[in-house]
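Colleague: To start, I am sharing the structure in question, which I have written as structure tokens.
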Amino acid sequence: MSKISRKEFLKTSGLVLAAPFVPVNVFSRSGQQQASTDDALLARMVEANDKSIASLLEMINQPQQRQYYRNLSGGFANLTAGYCNSKSSYYKSKEIVPALETMIRKLLELQYPNGTLDSGGNRLSPPDTAFLLEALCPAAKILNQHEFAELSNAKRELEKFLRNAGEGLRTGGVHTPNHRWVVCSVLAQLYAIFKDKAYLDRIEQWLAEGIYINEDGQFPERSRNYARVEDLAFIHLAEILDRPALFDYVRKSLSSTFYYVEPDGELVCLDSRRQDQYRPVSIALFYIHYRYMAIHDNNGFFAAITRKIESLDNFDRYVLSRALALFMESPVLSKKLPESNELPDQYTKYIVQSDLVRLKRGKVTASIFGGTDKPLIVASGRSTNPSFFTFRKGAAVLEYARLSSNFFNMGYFRSDGLRKDGNTYTLSETKEAYYYHPLPANKQNEAGDYKLSESVDGRFWSKMDFGSRPKDTLDLVTLIKIVEDNGVFQMDFDITGAENVEVTLELCFREGGVLQGVTQGRNDDEYFLESGQAKYISGSDSIEIGPGKFAHDNVSRMDGEVYSTHFGSIKGKGMHLYITGLVPFVHSITIK
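So in the working numbering, spot 585 of the sequence shown is number 573, and the numbers just go up one at a time.
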């Protein structure tokens, strides 16, 4: 792991952090920037922006909820870009002026005296205010570049809003690691607009804490959704403050992110410590980052990823319809991309500190994961996803494999790390549960009033002073070995300990496919593979799995008490195929 102090950071201008992640010959024409403008892309962007403006003008007068306003900032940026872009059908349009004034008036109404706004359950939130300004600062820069008298009211009100917000960011706090850097990024953008050195002083206070990124290119949250926030923040900071060393964090993060991407652009989220561990995001959200760094560094690897994003079905939704203001504000983004390097079609990437392995064998991609945070605490900021394997072959998608048991209702298997030995990957876990004996005489009291405490295994609380009691131990020991051979995976399960414990292997396939060779369960989305082979078919692609095994049909409450106590579940959407057994459970399956 690496953590750079502020003192070291100021001395450093050329940390080569990205080298272990980037394929050989990554720079296509080192040192030669591509100067010409990408007119074709800009034309598509203007067209998409015009379509979004049409929708914005229809909803502009609808009531605005205090907690949900980010559409206003993005909308303001889109309107500004359309009005100020001579290629737009809304260039100098009279429709835009009152719409801009209405939007900024709404934002001012939502703003508290300290400059902040609410967001969802976050009240008077500096970081959420910063996210809002990510769109408004480019809009302000565009407006300042054009002397349109009819926009003077909107510009004046926008400046009032930004200055108020700047005070909120300069004096306010944050919740999470990434918040520090988005606040710094926006303060830097405000400094570029207003030249107030107080913004720089606050940036220095945050940067003095040091910037954490581990050897795998992961920021503390291990979240792709928040890595995009941090990457963009460091791009802004490096550019505005002339701190080239900050680009190295972006290079390292973006190089790592490539190995998380699935063919459809979805980013693997198994190791995330934030909300996206169950709600993956698209690499399309990284388009600006990859494009900027591809052009800035003349980097053929990043250029290839950028072009890959341009081919995705959601490129219009996530990029073309949103990004015109950024392209107009940035002198880098509008340039043509450098030549692309060929992206690797075969790789095994071991992301060591996440205990995550990503494999690609042409059309086949897979993930093996054993890196949830221990002890299990279900909370924001903790990695808790019990999925230990994913597999894709074209349109055929195994969303996840999970293993559960009814051992004291402790729920899913979560490995204590991952061991890699060539093409063999080992996951293991030992669960323990206890029966408690009477308290020793010196711990007893006549009133029977004992400490309210957590059981030693962490499953429940009671006034029993569990830590002072002798106990008997029962255990469940799980060993999973996964062997990969040219995109074919064999899984060997060996579960020992308390006998006759029910064990369930859950295989969740993407909705919309067809399962063959299976038995229907009680619910429409549940199936059992009692023996032989199953085939999942989606379009012209298929996944085969087996042999099956059937010893019980108890597939409810697989999550465990940590969820069921609060009537919750993390069962994913899809077609759920179960293989069941009893301890001792020894079974092998093949997935191909």
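For each residue, glycine too, the CB sits at the ideal point set by N, CA and C. From a predicted model like this one, the values you see are computed outputs, not experimental measurements.
Please report the straight-line C-alpha distance between E254 and I271, rounded to a whole angstrom.
Modeller: Roughly 6 Å between the two C-alpha positions.
Colleague: Since I believe L347 is in contact with L258 (beta carbons under 8 Å), could you give me their beta-carbon distance rounded to a whole number of angstroms?
Modeller: Incorrect: roughly 13 Å between the Cβ atoms, too far for contact.
Colleague: Measure the C-alpha to C-alpha separation of G569 and R295 and round it to an integer number of angstroms.
Modeller: Taking the straight line joining both Cα atoms gives about 47 Å.
Colleague: Three or more C-beta pairs under 8 Å: does that hold for the region 101 to 121 against the region 159 to 168?
Modeller: As far as the Cβ criterion goes, the region 101 to 121 touches the region 159 to 168, which means the pair count is three or higher.
Colleague: Going by DSSP in three states, A486 sits in which element: helix, strand or coil?
Modeller: Coil.
Colleague: Enumerate, from N- to C-terminal direction, the unbroken beta strand (DSSP E) stretches of 3 or more residues contained entirely within the region 155 to 206.
Modeller: If we require 3 residues or more, the beta strand (DSSP E) runs fully inside the region 155 to 206 come out as 199 to 201.
Colleague: Mind checking which residues open and close the alpha helix (DSSP H) that includes T117?
Modeller: Where T117 is concerned, the enclosing alpha helix (DSSP H) stretches over P114 to N132.
Colleague: How long is the line joining the alpha carbons of K580 and K523, rounded to whole angstroms?
Modeller: When rounded, the distance between both Cα atoms is 10 Å.
Colleague: Expressed to the nearest angstrom, what Euclidean distance is found between the alpha-carbon atoms of Q504 and C496?
Modeller: The straight-line gap from Cα to Cα measures roughly 14 Å.
Colleague: So, does the region 307 to 325 touch the region 233 to 245, judging by three or more C-beta pairs under 8 Å?
Modeller: Judged by Cβ distances under 8 Å, the region 307 to 325 makes no contact with the region 233 to 245, as fewer than three pairs qualify.
Colleague: Alpha carbon to alpha carbon, how far is L188 from S77?
Modeller: Whole-angstrom Cα-Cα distance: 39 Å.
Colleague: If you follow the alpha helix (DSSP H) that G62 is in, where does it begin and where does it stop?
Modeller: Looking at the DSSP string, the run of the alpha helix (DSSP H) that includes G62 is R58 to C72.
Colleague: Once the 5 residues before and after M563 are set aside, which same chain residues still bring their CB inside 8 Å of it?
Modeller: So the qualifying residues of the chain are C496, F497, R498, E499, G501, L503, D513, Y515 and Y524.
Colleague: Do L120 and S61 count as a contact pair if the criterion is CB distance below 7 Å?
Modeller: Cβ distance < 7 Å, so S61 and L120 count as in contact.
Colleague: Give me the Cα-Cα distance between R190 and D482, rounded to the nearest whole angstrom.
Modeller: If you take the alpha carbons of R190 and D482, they lie about 55 Å apart.
Colleague: Give me the DSSP bridge partner(s) of S530.
Modeller: Partner(s): I525.
Colleague: Label H425 either buried or exposed according to how many other C-beta atoms from any shown protein chain fall within 10 Å of its C-beta, with 16 as the threshold for buried.
Modeller: It is exposed - the Cβ of H425 has fewer than 16 other Cβ atoms within 10 Å.
Colleague: What did DSSP end up calling Y100 once you bin it into helix, strand or coil?
Modeller: In this structure, Y100 counts as coil in the three-state DSSP scheme.
Colleague: Between the alpha carbons of L175 and D453, how many angstroms are there, rounded?
Modeller: Approximately 51 Å between the Cα atoms of the pair.
Colleague: Skipping 5 residues on each side, what residues in its chain have a beta carbon closer than 8 Å to that of N302?
Modeller: Cβ neighbours of N302 beyond the five flanking positions: G253, S270 and A272.
Colleague: Is Q478 close to the ligand PLP? I mean its beta-carbon at under 6 Å from any heavy atom of the ligand.
Modeller: As far as ligands go, the structure on display features none, and thus does not contain the ligand PLP.
Colleague: What first and last residue would you give for the beta strand (DSSP E) that runs through V502?
Modeller: First-last of the beta strand (DSSP E) with V502: V502 to Q504.
Colleague: Please list, in chain order, all residues of the same chain as K431 whose beta carbon is under 6 Å from its beta carbon, the five residues on each side excluded.
Modeller: Within the same chain, K431 has close Cβ partners S456.
Colleague: Excluding the 5 residues flanking V320 on each side, which residues of the same chain have their C-beta closer than 7 Å to its C-beta?
Modeller: Result list for V320: Y280, I283 and H284, in chain order.
Colleague: Measuring CB to CB, does S148 end up less than 7 Å from G205?
Modeller: The sequence shown places Lys at residue 148, not Ser. Cβ distance not < 7 Å, so K148 and G205 don't count as in contact.
Colleague: Taking only three categories from DSSP, how would you classify T466?
Modeller: DSSP places T466 in strand when its eight states are reduced to three.
Colleague: Just to check my reading of the structure: P126 and L331 have Cβ atoms closer than 8 Å, yes? What is that Cβ distance to the nearest angstrom?
Modeller: Not confirmed; about 30 Å, so no contact.
Colleague: In the DSSP assignment, the beta strand (DSSP E) including T25 goes from what residue to what residue?
Modeller: From DSSP, T25 is part of no beta strand (DSSP E); its letter is neither H nor E.
Colleague: DSSP state of H284, grouped into three classes?
Modeller: It is helical.
Colleague: Under the rule that 16 or more other beta-carbon atoms within 10 Å means buried, what is D463, buried or exposed?
Modeller: Flag for D463 reads exposed.
Colleague: My output table needs one value for S244: the three-state DSSP class, helix, strand or coil.
Modeller: Here S244 sits in helix by DSSP.
Colleague: Take the Cβ of Y423 as the centre, count every other Cβ of all protein chains shown within 10 Å, and call the residue buried at 16 or more, exposed below.
Modeller: Answer is exposed; the Cβ neighbour count stays below 16.
Colleague: Would you check if the distance between the CB atom of G156 and the CB atom of N102 is smaller than 7 Å?
Modeller: It is a contact, given that the beta carbons lie within the stated cut-off.
Colleague: Alpha carbon to alpha carbon, how far is S309 from A592? Give it in angstroms, no decimals.
Modeller: For residue 592 there is no data in the structure shown, the boundaries of the chain being -11 and 580.
Colleague: Which residues mark the beginning and the end of the beta strand (DSSP E) in which I223 is found?
Modeller: Careful: I223 lies outside any beta strand (DSSP E), inside the alpha helix (DSSP H) at R212 to I228.
Colleague: State yes or no: is the C-beta of Y100 within less than 7 Å of the C-beta of I84?
Modeller: Not closer than 7 Å, so no.
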